[in-house]
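Each position in the sequence shown, counted from 1, maps to that position plus 33 in the working numbering.
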Amino acid sequence: MAVKYELLKTCAQTGARLGRLHTPHGVIDTPTFMPVGTQASVKGMSPEELKSLNAQIILSNTYHLFLRPGHELVKEAGGLHKFMNWDRPILTDSGGFQVFSLSEMRKITEQGVEFRSHINGDKLSLTPESATQVQNALGADIIMAFDECPPYPAEYEYVKQSTERTSRWAERCLQAHGRPHDQALFGIVQGGMHKDLRKQSALDLTSLDFPGYAMGGLSVGEPKHLMYEMLEETIHLLPSDKPRYLMGVGSPDALLDGSIRGVDMFDCVLPTRIARNGTLMTSQGRMVVRNAKYTSDFGPLDPECTCYACRNYSRAYIRHLIKADEMFGLRLTTIHNLHFLVNLMAQVRDAIREDRLGTFRDQFFEKYGMAHN
Ligand SMILES: CNc1nc2cc3c(=O)[nH]c(N)nc3c(CC[C@H]3O[C@@H](OC)[C@H](OC)[C@@H]3OC)c2[nH]1
Ligand SMILES: [Zn+2]
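Given below as structure tokens:
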């Protein structure tokens, strides 16, 4: 069956929505946080551990898998679900963003992007057609249109040209989309930090009628208030019966403030990335467990947390593992941070159900401390 969004209710206190996203590999409760598994693995986590954390969908990335091991190999393996032994929903990004953030020597034209692999320097290219065909081969449940995420800051004229080209690319992606097993292609709204360009991009893409829409070009170094301004400018132009996905956003405060503004889906490498240097998101704010003050602290990472790491290990032990460069340490900090965000979104959904998300946000910020994010 196709990807279908079901709006269950809107929070009476805020603009937040409670929903369910039905996909061929299962249902996703929204608003949702999606763990990132860029190279077909959420770093250090097994599928069983992700399921025990109640992760309902994970992300992977076209740019990385196109370079290594190659989409033909993944297709030969039976697709990404089989290849990585994950039988729940997967979303893949189109690679547009990574071409600009990772590759060298890139050249962008109406046709697409030419670049050199950051792995071995090979001269490669991606176009709206090839990026869509790669994603068809990988077989995720939700795939993203091939777009350009303009740098921040950028000249108005550049953003205008880029955004108009991204709208033309979106149409080419729809044409090229093979729709294998009802795979859903989401459009990505651009427009930089310019309200008129954001509006035009939203109108262009909604006229093409995608099953879901992402807000791209944000969380690229702009001040948070600017991100929210662009979000507010765009989100009411998107159909309310389709899911809205804010790309690259995942600090706790942004998940709350994005949900309040009507966002249904979030992704971010933050929880897994900071876990790898021993930084934890806890109910009392951020904590750096390698800090000497935890040397003989035999309590859990977070006294309010019920995750596997907090139920079975102490700060002292995890600090020791991180200092000793033991792999198990990073697995425990990753388990905790992923649990923290997945659990935060479960509390957000409960708050929406009970029309109290605004109150929940204020209470959370109070405890978590707005200084941290
Ligand atoms: C951090 N801030 C941020 N702003 C972003 C904006 C865009 C955008 O406009 N277009 C596209 N196509 N992608 C974007 C992305 C990348 C997200 C992916 O990047 C990968 O995480 C690093 C991951 O791949 C599994 C994820 O998959 C959806 C952004 N990330
Ligand atoms: Zn925990």
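Glycine included, C-beta positions come from ideal geometry on N, C-alpha and C.
How many whole angstroms separate the CB atoms of residue i and residue j, which I take to be in contact at a CB cut-off of 8 Å?
{"i": "Val36", "j": "Asp242", "result": "Not a contact, Cβ separation roughly 14 Å."}
{"i": "Pro122", "j": "Ile221", "result": "The Cβ separation is near 18 Å, so there is no contact."}
{"i": "Ile368", "j": "Glu81", "result": "Ile368 to Glu81, Cβ: 12 Å. No contact."}
{"i": "Thr312", "j": "Asp335", "result": "Not confirmed; about 13 Å, so no contact."}
{"i": "Phe219", "j": "Pro244", "result": "7 Å"}
{"i": "His21", "j": "Met34", "result": "Past the boundaries of the shown model lies residue 21; the chain is included only from 34 to 406, so the question cannot be answered."}
{"i": "Gly283", "j": "Leu303", "result": "5 Å"}
{"i": "Glu259", "j": "Ala235", "result": "Here residue 259 is Leu; the residue named in the question, Glu, does not match the sequence. Actually they do not touch by this definition, with Cβ atoms about 17 Å apart."}
{"i": "Met117", "j": "Ser74", "result": "7 Å"}
With DSSP collapsed to three states, give me the class of residue i.
{"i": "Ile61", "result": "strand"}
{"i": "Met67", "result": "strand"}
{"i": "Leu251", "result": "coil"}
{"i": "Glu262", "result": "helix"}
{"i": "His55", "result": "strand"}
{"i": "Ala407", "result": "As displayed, the chain neither begins before 34 nor continues past 406, which places residue 407 out of reach and without an answer."}
{"i": "Leu190", "result": "With the sequence shown as reference, residue 190 is identified as Glu, and Leu is not the correct amino acid for it. Of the three classes helix, strand and coil, the one that applies to Glu190 here is helix, per DSSP."}
{"i": "Phe148", "result": "strand"}
{"i": "Asn222", "result": "Going by the sequence as given, residue 222 is Val instead of Asn. Val222: strand per DSSP, three-state reduction."}
{"i": "Met34", "result": "coil"}
{"i": "Glu337", "result": "coil"}
{"i": "Arg389", "result": "coil"}
{"i": "Leu241", "result": "coil"}
{"i": "Tyr185", "result": "coil"}
{"i": "Ser200", "result": "helix"}
{"i": "Ser195", "result": "helix"}
{"i": "Glu39", "result": "strand"}
{"i": "Lys156", "result": "strand"}
{"i": "Tyr246", "result": "strand"}
{"i": "His405", "result": "Because His405 sits at a pLDDT of 41, beneath the cut-off of 50, its placement in the model cannot be relied upon, and the point is left open."}
{"i": "Arg394", "result": "helix"}
{"i": "Arg50", "result": "strand"}
Alpha carbon to alpha carbon, how far is residue i from residue j?
{"i": "His372", "j": "Phe398", "result": "18 Å"}
{"i": "Arg306", "j": "Glu39", "result": "32 Å"}
{"i": "Val381", "j": "Asp155", "result": "45 Å"}
{"i": "Asn406", "j": "Thr125", "result": "Residue placement at Asn406 is flagged as unreliable, the pLDDT there being 44, under the threshold of 50; a coordinate-derived value is accordingly withheld."}
{"i": "Leu289", "j": "Leu264", "result": "14 Å"}
{"i": "Gln233", "j": "Val146", "result": "23 Å"}
{"i": "Ser195", "j": "Pro183", "result": "7 Å"}
{"i": "Phe393", "j": "Arg364", "result": "30 Å"}
{"i": "Glu137", "j": "Leu157", "result": "11 Å"}
{"i": "Ile293", "j": "Phe148", "result": "39 Å"}
{"i": "Ala404", "j": "Pro57", "result": "At Ala404, the pLDDT of 48 sits below 50, so the modelled position is not reliable; the number obtained from the coordinates is stated separately. If you take the alpha carbons of Ala404 and Pro57, they lie about 40 Å apart."}
{"i": "Leu92", "j": "Gln396", "result": "30 Å"}
{"i": "Asn345", "j": "Pro333", "result": "8 Å"}
{"i": "Leu51", "j": "Ile385", "result": "6 Å"}
{"i": "His114", "j": "Ser329", "result": "43 Å"}
{"i": "Ala342", "j": "Asp358", "result": "17 Å"}
{"i": "Ser240", "j": "Tyr185", "result": "27 Å"}
{"i": "Ile176", "j": "Ala209", "result": "13 Å"}
{"i": "Asn94", "j": "Val69", "result": "9 Å"}
{"i": "Ala170", "j": "His214", "result": "11 Å"}
{"i": "Asn87", "j": "Glu190", "result": "44 Å"}
{"i": "Pro276", "j": "Ser85", "result": "25 Å"}
{"i": "Gly318", "j": "Leu377", "result": "13 Å"}
{"i": "Cys338", "j": "Arg205", "result": "46 Å"}
{"i": "Leu374", "j": "Ala247", "result": "20 Å"}
{"i": "Phe133", "j": "Gly224", "result": "17 Å"}
{"i": "Leu207", "j": "Leu238", "result": "11 Å"}
{"i": "Ala110", "j": "Glu387", "result": "45 Å"}
{"i": "Glu188", "j": "Leu135", "result": "22 Å"}
{"i": "Arg201", "j": "Asn153", "result": "31 Å"}
{"i": "Ala178", "j": "Val167", "result": "12 Å"}
{"i": "Gly59", "j": "Gln216", "result": "13 Å"}
{"i": "Ser347", "j": "Phe331", "result": "5 Å"}
{"i": "Phe130", "j": "Arg212", "result": "23 Å"}
{"i": "Thr71", "j": "Leu106", "result": "17 Å"}
{"i": "Tyr278", "j": "Gly362", "result": "32 Å"}
Enumerate, from N- to C-terminal direction, the unbroken alpha helix (DSSP H) stretches of 4 or more residues contained entirely within the segment 79-142.
-> 80-85, 95-100, 104-109, 113-116, 129-135
Decide yes or no for the touch test of the segment 292-308 against the segment 61-73: beta carbon pairs closer than 8 Å, at least 3 of them.
-> yes
Check whether the segment 347-354 touches the segment 317-327, counting contact only when three or more Cβ pairs, one atom from each stretch, lie closer than 8 Å.
-> yes
Run through the segment 262-324 for me and flag every whole alpha helix (DSSP H) of 4 or more residues, listed as ranges in chain order.
-> 285-293, 303-308
Segment contact flag, the segment 43-51 with the segment 384-393, C-beta cutoff 8 Å, min 3 pairs | yes
Three or more C-beta pairs closer than 8 Å, one from the segment 124-141 and one from the segment 92-104: is that the case here?
-> yes
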